[in-house]
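In full-length UniProt numbering, the protein residues as written are 1 to 102. The C-beta atom is built at its ideal place from N, Cα and C for all residues, glycine as well. Here is the structure we will look at.
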């Protein structure tokens with residue numbers, strides 16, 4: 001179960017803790033998905049571009065909550081961010097994260 005939670009970020013407490021730490025919200029969905037609706041103030045970098053644009057996030061020097069549509073792409077993004085020393089969690093899918101954010 002711990003691995004599942006690590007991959008899919010199902011803990012509401014983690015989201016709340018990260019918000020308290022001043023986390024930025026990262027939307028890793030496609031441009032069209034983002035344009036169709038996104039979480040207010042989310043930074044948009046599609047997961048396919050994240051490897052080339054990772055320094056944009058590293059430079060922020062803030063924790064990150066990544067999200068996508070279902071939690072799969074944001075899981076990949078979270079792993080990449082962590083490998084570059086960014087304090088990141090997988091916020092899961094947009095609907096789930098919106099509920100956690102209130």
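Indicate whether residue 82 and residue 23 have their beta-carbon atoms separated by less than 8 Å. no
Please determine, among 65, 78, 28, 59, the residue with the shortest C-alpha to C-alpha distance to residue 47. 28
Can the beta-carbon of residue 65 be found closer than 8 Å to that of residue 37? no
Rounded to the nearest angstrom, what separates residue 98 and residue 74 at their Cα positions? 14 Å
Since residue 26 and residue 42 should fall inside the 8 Å C-beta cutoff, what is the C-beta to C-beta distance between them, to a whole number of angstroms? 7 Å
Considering Cα atoms alone, identify which of 80, 94, 21 is closest to residue 53. 80
For residue 85, count the other beta carbons within 10 Å of its own beta carbon; 16 or more makes it buried, fewer makes it exposed. Which is it? exposed
Please report the straight-line C-alpha distance between residue 87 and residue 72, rounded to a whole angstrom. 18 Å
If we ignore side chains and look at the alpha-carbon of each, how far apart do residue 94 and residue 101 end up? 10 Å
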